Amino acid sequence: MATQHSSEINIKVGLDENRVPEELFWSAEDGAIENMEAKALLLSVWDSAGKDTYKINLWTKDMPVNEMIQFFHQTLTSMADTFETATGDEKMSATMRDFCDYYAEKMGIKRM
6 MATQHSSEIN
16 IKVGLDENRV
26 PEELFWSAED
36 GAIENMEAKA
46 LLLSVWDSAG
56 KDTYKINLWT
66 KDMPVNEMIQ
76 FFHQTLTSMA
86 DTFETATGDE
96 KMSATMRDFC
106 DYYAEKMGIK
116 RM
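Under the working numbering, think of the first position of the sequence shown as 6, with each following residue one higher.
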């Protein structure tokens with residue numbers, strides 16, 4: 006099957022003199038997003054040949070801790086949803102969501 010369309014997602018990271026992220030911007034042409042500011046990003050890429058995950062985990066130095074806690078909760082919840090969509094495993098997805106509820110309770114945040 007030949008590729009019919011290609012799309013780009015771009016990430017621009019502004020670093021300070023110590024190479025610590027100060028700014029994060031991302032663009033996605035198919036999503037009509039152009040240089041949208043972000044305070045954190047987690048990106049995982051699966052290397053099928055090496056059976057390993059490459060990860061880029063960045064956050065700006067002014068990312069508030071309370072927002073990082075909420076960001077992780079929403080990311081974990083999204084991962085449970087994606088896992089269910091990708092595998093059809095409802096039982097494990099429910100277990101993952103139970104952990105998300107536990108995390109939210111322990112971290113003192115409301116589930117969104």
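We put the beta carbon where it would ideally sit given N, CA and C, even for glycine.
If you're wondering where the values come from, they're calculated on a predicted model, not measured in any experiment.
Check                                                                                                                          : Outcome
Can you tell which of 7, 68, 113, 112 has its C-alpha closest to the C-alpha of residue 43?                                    : 68
In whole angstroms, give me the CA-to-CA distance for residue 92 and residue 98.                                               : 9 Å
Work out the CA separation of residue 47 and residue 117 for me, nearest whole Å.                                              : With a pLDDT of 49 at residue 117, under the threshold of 50, the modelled position of that residue is not reliable, and no figure is offered here.
Could you name the residues that DSSP lists as bridge partners for residue 15?                                                 : 32
Are the segment 62-76 and the segment 25-32 touching by the rule of at least three beta carbon pairs closer than 8 Å?          : yes
In the structure shown, what three-state DSSP assignment does residue 117 receive?                                             : Its pLDDT being 49, under 50, residue 117 is placed unreliably by the model, and the measurement read from it follows with that caveat. In the structure shown, residue 117 sits in coil (DSSP, three-state: anything other than H, G, I, E or B).
How big is the Cα-Cα spacing for residue 79 and residue 21?                                                                    : 28 Å
Relative to the alpha-carbon of residue 45, which residue among 113, 8, 17, 103 has its alpha-carbon at the smallest distance? : 17
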